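Asks:
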Amino acid sequence: MAKGIEIRDAHFPGRAPIDAYGNGGFRFADMSHRGSILCLPSGIHGWEPKTLPLLTTADLSLVLEQADDIEILLVGTGTELRRLPQEVRDALRAKRISADPMSTGAAVRTYNVLLAEDRAVAAALIAVD
Numbered sequence: 013m014a015k016g017i018e019i020r021d022a023h024f025p026g027r028a029p030i031d032a033y034g035n036g037g038f039r040f041a042d043m044s045h046r047g048s049i050l051c052l053p054s055g056i057h058g059w060e061p062k063t064l065p066l067l068t069t070a071d072l073s074l075v076l077e078q079a080d081d082i083e084i085l086l087v088g089t090g091t092e093l094r095r096l097p098q099e100v101r102d103a104l105r106a107k108r109i110s111a112d113p114m115s116t117g118a119a120v121r122t123y124n125v126l127l128a129e130d131r132a133v134a135a136a137l138i139a140v141d
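Residues 13 to 141 (this note's numbering) make up the sequence shown, in order.
1) Does any C-beta atom of chain B lie closer than 9 Å to the C-beta of residue 26?
2) Among the residues of its own chain, which have a CB less than 7 Å from the CB of residue 95, if the five just before and after it don't count?
3) Alpha carbons only, please: which of 66, 106, 83 and 72 is nearest the one belonging to residue 58?
4) Got a sec? Which residues, its chain only, sit under 8 Å from residue 99 by beta carbon, not counting five neighbours each side?
5) Per DSSP, which one or two residues make a beta bridge with residue 86?
6) On a CA-only basis, which of 77, 140, 86 and 90 is nearest residue 125? Give me that one, please.
7) Between 64, 105 and 74, which lies nearest to residue 54 when the distance is taken from Cα to Cα?
8) Can you tell me whether residue 106 is helix, strand or coil according to DSSP?
9) Exposed or buried, what is residue 52 when buried is set at 16 or more other beta-carbons lying within 10 Å of its beta-carbon?
10) Suppose the cutoff is 6 Å on Cβ atoms and the five residues either side in sequence are ignored; what does the same chain contact list for residue 25 look like?
11) Put residue 95 into one of helix, strand or coil per three-state DSSP.
12) Would you call residue 104 buried or exposed, if buried means 16 or more other Cβ atoms sit within 10 Å of its Cβ?
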């Protein structure tokens, strides 16, 4: 019997620079994704933070799971800079991850530079229009 359409979680299994952002999404590795993304050592994952504009440790659970391979987390907070809540900063610090919130555009550019330098970088990027 034929199966219907299979919907999978958005995931690109590799590290890749972000080629473009805006219009509610991102372009990378000759693909595009509508919505926010997590760029992690395990790949680029579709991401739907539940508590915007503030993030929680639950929103960053995948980052915390892969903490052994991450030194720097760039947090693209949209068009405006937003401070990370203390509980999030404490959870990341406990895993020895330095978190740097900035606008999504600045986070994309910084991520690409650090990725090219083969640094242990990850990014949590909130999509902008």
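Idealized CB from N, CA, C, for every residue including glycine.
Note that the coordinates shown come from a computational prediction; the quantities given were computed from them, not determined experimentally.
Replies: From the atom records:
1) Of the protein chains in this structure there is only one, and it is not chain B.
2) 113
3) 72
4) 68 and 69
5) 112 and 135
6) 86
7) 74
8) helix
9) buried
10) 55
11) coil
12) buried
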